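These protein sequence lines map, in sequence, to chains G, L, X and D. Residue numbering for the first sequence follows my numbering, beginning at 403 and increasing consecutively. Residue numbering for the second sequence follows my numbering, beginning at 403 and increasing consecutively. Residue numbering for the third sequence follows my numbering, beginning at 310 and increasing consecutively. Residue numbering for the fourth sequence follows my numbering, beginning at 310 and increasing consecutively. Built from N, CA and C at the ideal position, the CB exists for glycine as well. None of these values were measured; they are calculated from a predicted model. Notes follow the structure.
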Amino acid sequence: MPVSDTKVASMRDAVTEFVRDGDTVAIEGFTHLISFAAGHEIIRQGRRDLTLARMTPDLIYDQMVAAGVARKLVFSWLGNPGVGGLGGIRRRIEAAPSAVDGADGLLPRLEVEEYSHFGMVARYTAGAANLPFMPLRSYFEPDLPAANPRIREIESPYGDGKVYAVPPLKPDVTIVHAQRADRDGNTQVWGLLGCQKEAAFAADRVIVVVEELVDETVVRADPNRTIIPGLIVDAVVVEPFGAHPSYVQGAYDRDNRFYLEWEPITKDEDALQAWLREWVFELDGRAAYLEKLGPERLAALRPSGPAPSGAVDYGAYR
Amino acid sequence: MPVSDTKVASMRDAVTEFVRDGDTVAIEGFTHLISFAAGHEIIRQGRRDLTLARMTPDLIYDQMVAAGVARKLVFSWLGNPGVGGLGGIRRRIEAAPSAVDGADGLLPRLEVEEYSHFGMVARYTAGAANLPFMPLRSYFEPDLPAANPRIREIESPYGDGKVYAVPPLKPDVTIVHAQRADRDGNTQVWGLLGCQKEAAFAADRVIVVVEELVDETVVRADPNRTIIPGLIVDAVVVEPFGAHPSYVQGAYDRDNRFYLEWEPITKDEDALQAWLREWVFELDGRAAYLEKLGPERLAALRPSGPAPSGAVDYGAYR
Amino acid sequence: MTDAAFSRNEMMIVAAARELAGQRVCFVGVGLPNIAVNLAKRTIAPDMELVYEAGVFGARPARLPLSIGDPTIVTGATSVVSMYELFSLYLQGGLIDVGFLGAAQIDRFGNINTTVIGDYGAPAPRLPGSGGACEIAITARQVFVIMRQSKRSFVERIDFRTSPGNLGGAEQAERIRREGGWLGRGPSVVVTDLGIWHFDETGEMRLDSLHPGATLGDVRASGGWEPKVAPEIGTTAAPTDLELRLIREELDPGGAYTR
Amino acid sequence: MTDAAFSRNEMMIVAAARELAGQRVCFVGVGLPNIAVNLAKRTIAPDMELVYEAGVFGARPARLPLSIGDPTIVTGATSVVSMYELFSLYLQGGLIDVGFLGAAQIDRFGNINTTVIGDYGAPAPRLPGSGGACEIAITARQVFVIMRQSKRSFVERIDFRTSPGNLGGAEQAERIRREGGWLGRGPSVVVTDLGIWHFDETGEMRLDSLHPGATLGDVRASGGWEPKVAPEIGTTAAPTDLELRLIREELDPGGAYTR
Numbered sequence: 403m404p405v406s407d408t409k410v411a412s413m414r415d416a417v418t419e420f421v422r423d424g425d426t427v428a429i430e431g432f433t434h435l436i437s438f439a440a441g442h443e444i445i446r447q448g449r450r451d452l453t454l455a456r457m458t459p460d461l462i463y464d465q466m467v468a469a470g471v472a473r474k475l476v477f478s479w480l481g482n483p484g485v486g487g488l489g490g491i492r493r494r495i496e497a498a499p500s501a502v503d504g505a506d507g508l509l510p511r512l513e514v515e516e517y518s519h520f521g522m523v524a525r526y527t528a529g530a531a532n533l534p535f536m537p538l539r540s541y542f543e544p545d546l547p548a549a550n551p552r553i554r555e556i557e558s559p560y561g562d563g564k565v566y567a568v569p570p571l572k573p574d575v576t577i578v579h580a581q582r583a584d585r586d587g588n589t590q591v592w593g594l595l596g597c598q599k600e601a602a603f604a605a606d607r608v609i610v611v612v613e614e615l616v617d618e619t620v621v622r623a624d625p626n627r628t629i630i631p632g633l634i635v636d637a638v639v640v641e642p643f644g645a646h647p648s649y650v651q652g653a654y655d656r657d658n659r660f661y662l663e664w665e666p667i668t669k670d671e672d673a674l675q676a677w678l679r680e681w682v683f684e685l686d687g688r689a690a691y692l693e694k695l696g697p698e699r700l701a702a703l704r705p706s707g708p709a710p711s712g713a714v715d716y717g718a719y720r
Numbered sequence: 403m404p405v406s407d408t409k410v411a412s413m414r415d416a417v418t419e420f421v422r423d424g425d426t427v428a429i430e431g432f433t434h435l436i437s438f439a440a441g442h443e444i445i446r447q448g449r450r451d452l453t454l455a456r457m458t459p460d461l462i463y464d465q466m467v468a469a470g471v472a473r474k475l476v477f478s479w480l481g482n483p484g485v486g487g488l489g490g491i492r493r494r495i496e497a498a499p500s501a502v503d504g505a506d507g508l509l510p511r512l513e514v515e516e517y518s519h520f521g522m523v524a525r526y527t528a529g530a531a532n533l534p535f536m537p538l539r540s541y542f543e544p545d546l547p548a549a550n551p552r553i554r555e556i557e558s559p560y561g562d563g564k565v566y567a568v569p570p571l572k573p574d575v576t577i578v579h580a581q582r583a584d585r586d587g588n589t590q591v592w593g594l595l596g597c598q599k600e601a602a603f604a605a606d607r608v609i610v611v612v613e614e615l616v617d618e619t620v621v622r623a624d625p626n627r628t629i630i631p632g633l634i635v636d637a638v639v640v641e642p643f644g645a646h647p648s649y650v651q652g653a654y655d656r657d658n659r660f661y662l663e664w665e666p667i668t669k670d671e672d673a674l675q676a677w678l679r680e681w682v683f684e685l686d687g688r689a690a691y692l693e694k695l696g697p698e699r700l701a702a703l704r705p706s707g708p709a710p711s712g713a714v715d716y717g718a719y720r
Numbered sequence: 310m311t312d313a314a315f316s317r318n319e320m321m322i323v324a325a326a327r328e329l330a331g332q333r334v335c336f337v338g339v340g341l342p343n344i345a346v347n348l349a350k351r352t353i354a355p356d357m358e359l360v361y362e363a364g365v366f367g368a369r370p371a372r373l374p375l376s377i378g379d380p381t382i383v384t385g386a387t388s389v390v391s392m393y394e395l396f397s398l399y400l401q402g403g404l405i406d407v408g409f410l411g412a413a414q415i416d417r418f419g420n421i422n423t424t425v426i427g428d429y430g431a432p433a434p435r436l437p438g439s440g441g442a443c444e445i446a447i448t449a450r451q452v453f454v455i456m457r458q459s460k461r462s463f464v465e466r467i468d469f470r471t472s473p474g475n476l477g478g479a480e481q482a483e484r485i486r487r488e489g490g491w492l493g494r495g496p497s498v499v500v501t502d503l504g505i506w507h508f509d510e511t512g513e514m515r516l517d518s519l520h521p522g523a524t525l526g527d528v529r530a531s532g533g534w535e536p537k538v539a540p541e542i543g544t545t546a547a548p549t550d551l552e553l554r555l556i557r558e559e560l561d562p563g564g565a566y567t568r
Numbered sequence: 310m311t312d313a314a315f316s317r318n319e320m321m322i323v324a325a326a327r328e329l330a331g332q333r334v335c336f337v338g339v340g341l342p343n344i345a346v347n348l349a350k351r352t353i354a355p356d357m358e359l360v361y362e363a364g365v366f367g368a369r370p371a372r373l374p375l376s377i378g379d380p381t382i383v384t385g386a387t388s389v390v391s392m393y394e395l396f397s398l399y400l401q402g403g404l405i406d407v408g409f410l411g412a413a414q415i416d417r418f419g420n421i422n423t424t425v426i427g428d429y430g431a432p433a434p435r436l437p438g439s440g441g442a443c444e445i446a447i448t449a450r451q452v453f454v455i456m457r458q459s460k461r462s463f464v465e466r467i468d469f470r471t472s473p474g475n476l477g478g479a480e481q482a483e484r485i486r487r488e489g490g491w492l493g494r495g496p497s498v499v500v501t502d503l504g505i506w507h508f509d510e511t512g513e514m515r516l517d518s519l520h521p522g523a524t525l526g527d528v529r530a531s532g533g534w535e536p537k538v539a540p541e542i543g544t545t546a547a548p549t550d551l552e553l554r555l556i557r558e559e560l561d562p563g564g565a566y567t568r
């Protein structure tokens, strides 16, 4: 198969081709495997009017919102866990309604659509399964269904009471980072799985970013480990350390120092914009970012030792 | 911890303690990992009035129904796949309604509750998730909802049409066979996963039958491989070859000869009863069954070669 | 090659396999579809992805699996998932191009019965039931059927509608599919031991090809309605030596499907 | 040991950890609950199973995770699953004994706000929101809360009900829980930097213990309602050397939680 036929692409080409102005974009990964590399490329390419969906917007959406790519945020927990807030987003949510179009030098106001964690994963699950809704036992008394009319009551058809429903979430494009995939995009992950499988199956387009490109025999040796089949993948981008300052189980640790140091930056709009210039706009890609971080910083993030899974035997059956 | 505190038990003790007359019992496993050992022990102990739930009743429920343990069958596909029928069950379904209590020497009639495969797995999923129903896009026009009024229509609360709902299935006891578990019942499976996880989480009691008892460090080395946590397991039974003539990925092959030879037996009630006497009632447990099968028969079922999964690294993080 | 060189069952399997040319993702039903799809994978559709309801995507069976849950469909597969995931993500999620089914009874509009002969409450005999067939019929983009043809199987009215085809005809079926949000467009091919049927614009099956040795008389004698026949009916190309060798030596040496 | 030997935050964390004695399965919330639960696991509840919403059952963190999705909660855990499975099977499925939450605002009936201060449409400030807290509050058998106490956090009326507690009181809460099929029995403990509160039969929190050095005057000055106080109020036992050493050397050497 000629190289041009494969899905393997640079981050620049993948974002150019598969992320479009106005899209609903889900860069998922719960703490683990967040594709900062893709987020930065979206910023660099100047996408606009995106609806950004993520359970936990984390630093990456703080950066993307501050860079002006987003019109709306769909989420379930907004913060820098264990550290503080996300000022780039908060200032745009707390902004006066009159700032809706960012006129008069005011920060543009961000539209929000809010769920709980279970609501968000149930939304992706409904989207992936092509269902009109998912039922869940939540929201019975809280104020969220009043704040978000997309959360609705539904009666059990068995006469045993009501539960709540959330609607499907079907991103135009879902971007996930993973330990490895083959050239067709058959993708394997270990450690926290988050909602990446569901977010990928729910999406119209899927970009997989991996630490390592492997032969399909590696994937086929352990088919239970595959979370996304190449069938639904449009592009495979090889970007080692592409999840920094998030982490990749077994490859590198979360850069907690980065998360701690984000707090004073995000509290100050000027500092945040300066950070974006220095670390995103003035760099031409992930390689430059990693070079700027420096090899010592990256090396220090390696796990303190190995923790091998052990192998199991599927057996040959001829 | 003294041995008496552990969950590790003989099959006889596990069935005595956790399977009761009148229970809804699910011995799950789709072709793979069917606990024939548990089914035979239930027959030997003379349980009565069971509701037997399984997607594919397979030979084990044919044997159990013929032995008289069941009052009702809940299922989605009734047959000996690629071979033929299940006469022990069919004769009791095709029996005249007058034979309802097995009077006059007639075979006792078996009550049936029928779904599709998706309906059955959705029922276990609803049971496991403590939901009053699961929605699915099925049944729109077929006759099944007319035959089974537990399959009901439900309107989407988003005004985009109707789908169907199935009610939760919550077995009193679920029995699964697995490659391995630790003493607390933390259970790992590779190969076909069927609906065992959902059936176990949906159940009030869980018996896990394993090829091999392993140290908890083996389980904890690969936490993504765990399908059932010890938290929901009541008994762990060690019974190598306990799934024969079904199979265990990597350990032994399906005994297709057994399935082919079942066809003339199941077609003839006398032959079926004679088989039960010879292979179940006159044996005192699985060891005697395996001895009767003979080591050559079992050795021939070993895989034709190894197919190792390879290992992944979770990394130590101290 | 003479008629005597192959059986009607072999011709049926070969013809069914060939219909899969160009298809990308095929959901493999139990029984005859299993051997037809595995033959296609070894001949005309080597890149076709096989999906088994047991939870397997991208199976590469090293031998013909007797059951559709055989260990050989797992080893070397691309992905193995729970059955809930298989049905919700792959099938209901709309990723299946062709669902390949068998049938006990079929009517002219491709509605299928695999549940009961006679009354549901007192069947004679009781058949296997749906398994995943009713979901496949509703959500696979196209449905292919392989079955032996007889007065008992090709019937004016099926006794139980396990898997919907074109219901009472194309017009009604299209309306109901649209209203219900079905992903599937219904049945497109029926391959029997006598010939190959496709569905015309009215939603009724039409005989487009007769297998070598089969006649229109055979077809009329093996069905419960006066069949539609293509204006220029073709003759199915006989099995090739390769196809026959694959069936006889690799896929079904015991003759379970072809005897 | 003198008051100067430990901080109020350290006392709060130690007291919260001790409340977990005898608990089997604990769902660990983000922030202060994380350090309290990890301290309990190292002291009074070594066999307690830790569940993290990130998808982990049976975590054995080798260090204190800064976030609740840290790699150290994965390596050596019993089981790691998708978040949909974690929420549906473990939480909604009813397997959690204690859900341990933090809070920005709480009222006397244990209703919690972590969403907004002020109006939802124009918040000042905007807080993180529910995460999994609203589900934990509804389905964990008991809810424990750890939070610093002040006029801003202990309020007569919370601005947004993110996670339901005893609603308007025990009677109403019990009816609504029964009708809605909630698995949880609501909040049972609130541990603050001043003392330990439990909920009485009316569903209102009652101060049962004051931490060393804290007074009833401090408590009254740090809340928006006249607090219920136990007839015989106790004094919380000061942190032991072991507890302090674990916090300072193992769990929070950087002082992120205790400064």
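- Just measuring C-alpha positions, the residue of L436(X), W534(X) and L560(X) sitting nearest R466(X) is W534(X).
- Along the segment 421-484 of chain G, the alpha helix (DSSP H) occurs as fully enclosed runs of 4 or more residues at 438-446 and 460-468, listed in sequence order.
- In this structure E693(G) is exposed. Its beta-carbon is surrounded by fewer than 16 other beta-carbon atoms within 10 angstroms.
- Residues of the segment 357-381 of chain D with a C-beta less than 8 Å from any C-beta of chain L: E358, V365, F366, G367, R369, A371, R372, D379, P380 and T381, listed in chain order.
- Contact between A469(G) and V427(G) does not hold, since the beta-carbon distance rounds to 13 Å and is not under 8 Å.
- Straight-line measurement puts the Cα of V334(X) at about 11 Å from the Cα of Q451(X).
- With respect to chain L, the C-beta atom of Y719(G) has a partner C-beta closer than 9 Å.
- The straight-line gap separating the alpha-carbon atoms of D686(G) and V417(G) is approximately 14 Å.
- Per the C-alpha coordinates, the member of P642(L), H579(L), P569(L) and I491(L) positioned closest to I553(L) is P569(L).
- When Cβ-Cβ separations below 9 Å define contact, D464(G) makes no contact with chain D.
- Taking all protein chains shown into account, L551(X) has fewer than 16 neighbouring C-beta atoms within 10 Å of its C-beta and is therefore exposed.
- A direct Cα-to-Cα measurement between P370(X) and A386(D) gives close to 34 Å.
- In the structure shown, Q598(L) falls within a helical segment according to DSSP collapsed to helix, strand and coil.
- According to DSSP, D715(G) shares a beta bridge with P710(L).
- Taken through DSSP and simplified to helix, strand or coil, H520(X) comes out as coil.
- Sorting I447(D), R417(D) and Y361(D) by C-alpha distance to the C-alpha of G493(D) places I447(D) at the top.
- Cβ contact annotation for M466(G) (same chain, cutoff 8 Å, sequence separation greater than five): G441, I444, I445, L452, L454 and A472, in chain order.
- Separation of the CB atoms of G596(G) and G364(D) is rounded to 7 Å, and the pair is thereby assigned contact status at 8 Å.
- Between the segment 651-663 of chain L and the segment 416-424 of chain D there are fewer than three inter-stretch CB-CB distances shorter than 8 Å, so the stretches are not counted as touching.
- Only those residues of the segment 432-453 of chain L whose C-beta falls short of 7 Å from the nearest C-beta of chain X are listed: F432, T433 and H434.
- When the beta-carbon positions are compared, L329(X) and F453(X) come within less than 9 Å of each other.
- Taking a Cβ-Cβ threshold of 9 Å, the residues of chain G close to Q401(D) are F520, L538, R539 and S540, in chain order.
- DSSP assignment within the segment 510-557 of chain X yields the following whole alpha helix (DSSP H) runs of 4 residues or more, N-terminal first: 525-529 and 550-554.
- Short of 6 Å from the beta carbon of L375(X), and not among the five residues preceding or following it, lies no beta carbon of its own chain.
- Where I377(D) is concerned, there is no enclosing beta strand (DSSP E), because DSSP gives it neither an H nor an E.
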